[in-house]
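Trainee: I have a structure I would like to understand better, so I am pasting it below and will then ask my questions one at a time.
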Amino acid sequence: PKLSVSAKIDRMIEREDATVKAYASVNIGGAFVIKDIAVVDGQKGMFARMPFRSYKSSDGETKYSDIAFAITDSARHSIEDAVIGAYREALGESEDESPTQSM
């Protein structure tokens with residue numbers, strides 16, 4: 004069955020040189036929310052990076068562990084499509100709200 008997924012952008016990152024462009028929340032089926040999904044502009048284009056935590060291993064190496072993640076490809080695509088769509092919509096709204104320069 005297809006997941007009912009909606010996303011909203013919680014905050015935009017204003018720095019032009021930032022790889023992370025925004026952070027989003029996703030609502031899955033009206034029953035489950037995932038926060039702090041990063042909208043990342045990577046080498047292969049935009050993608051949604053799920054939240055993770057970092058920790059030091061016993062040898063001092065920094066390791067990363069996913070906090071939440073999709074189990075199936077279709078679920079991952081549904082989440083990513085919703086997040087990237089919400090980002091593009093928010094980006095369009097922020098451009099619409101930008102003051103226009105008069106000549």
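Residues in the sequence shown are numbered from 4 upward in steps of one, following this note's numbering.
In this text, a Cβ means the ideal position worked out from N, Cα and C, and glycines have one as well.
Here the structure is a predicted model, which means the values were calculated and not measured.
When you compare the segment 68-78 with the segment 9-23, are there three or more beta-carbon pairs, one atom per stretch, that lie closer than 8 Å?
Mentor: Counting Cβ pairs under 8 Å, fewer than three are found: no touch.
Trainee: Can you check whether the CB of residue 33 is closer than 8 Å to the CB of residue 7?
Mentor: Contact: yes.
Trainee: Residue 36: beta carbon under 7 Å from a heavy atom of the ligand NAP?
Mentor: As far as ligands go, the structure on display features none, and thus does not contain the ligand NAP.
Trainee: Does the Cβ of residue 105 have 16 or more other Cβ atoms within 10 Å, making it buried, or fewer, making it exposed?
Mentor: Bear in mind that the predicted position of residue 105 carries a pLDDT of just 43, short of 50, making it unreliable; the figure below should be weighed with that in mind. Per the 10 Å Cβ criterion, exposed.
Trainee: DSSP three-state call for residue 91: helix, strand or coil?
Mentor: Correct three-state label for residue 91: helix.
Trainee: Residue 23: buried (16+ other C-beta within 10 angstroms of its C-beta) or exposed?
Mentor: Looking at its Cβ environment, which holds fewer than 16 other Cβ atoms inside 10 Å, residue 23 is exposed.
Trainee: Would the beta-carbon of residue 111 fall within 8 Å of that of residue 43?
Mentor: Absent from the structure is residue 111, since the part of the chain shown begins at 4 and ends at 106.
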